[in-house]
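Taken in order, the sequence shown gives residues 149 to 224; the numbers are from my numbering.
All C-beta atoms, glycine included, are put in the ideal place defined by N, C-alpha and C.
Single-structure report; data block below.
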Amino acid sequence: MPFEDRRNPSVPLSEVVTLANELAGAKQSLAAPVDLALVHDPEMRADYLADLTRIRSEVPKQQARLNMAMVRWFHS
């Protein structure tokens, strides 16, 4: 029996990995911000700032979803 099969079947390991990858991508986006002085188009600058704000607000939610999935996966 594979290791994954001994865990809670309602939470596949692939879901945990997907959530972890999404969280890592969001954190990477926040870690490498664009120098706004180089963005001369005000509309592009506003869009970029809106995206950063959205990502910042989603990171805690993504972390919570990942934590819950890991707990459900580990506890059968």
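Practice prompt. Using the Cα positions of P150 and Y196, report the straight-line distance between them to the nearest angstrom.
Written response: Confidence is the limiting factor: at P150 the pLDDT is only 48, short of 50, which leaves the residue's position unreliable, though a coordinate-based value still follows. Rounded to whole angstroms, P150 to Y196 spans 44 Å at the Cα level.
Practice prompt. Measure the C-alpha to C-alpha separation of P160 and W221 and round it to an integer number of angstroms.
Written response: Cα to Cα, P160 sits roughly 7 Å from W221.
Worksheet item: Looking only at its own chain, which residues have a Cβ that is under 8 Å from the Cβ of I203, when we skip the five neighbours before and after it?
Response: Result list for I203: A174, S177, L178, in chain order.
Practice prompt. Compare the beta carbon distance of E163 and A212 with 8 Å and say whether it is the shorter of the two.
Written response: In this structure, A212 does not lie closer than 8 Å to E163 by Cβ.
Worksheet item: Run through DSSP, which three-state label would S281 get?
Response: Within the shown structure, residues of the chain are numbered from 149 to 224, placing residue 281 beyond reach of any answer.
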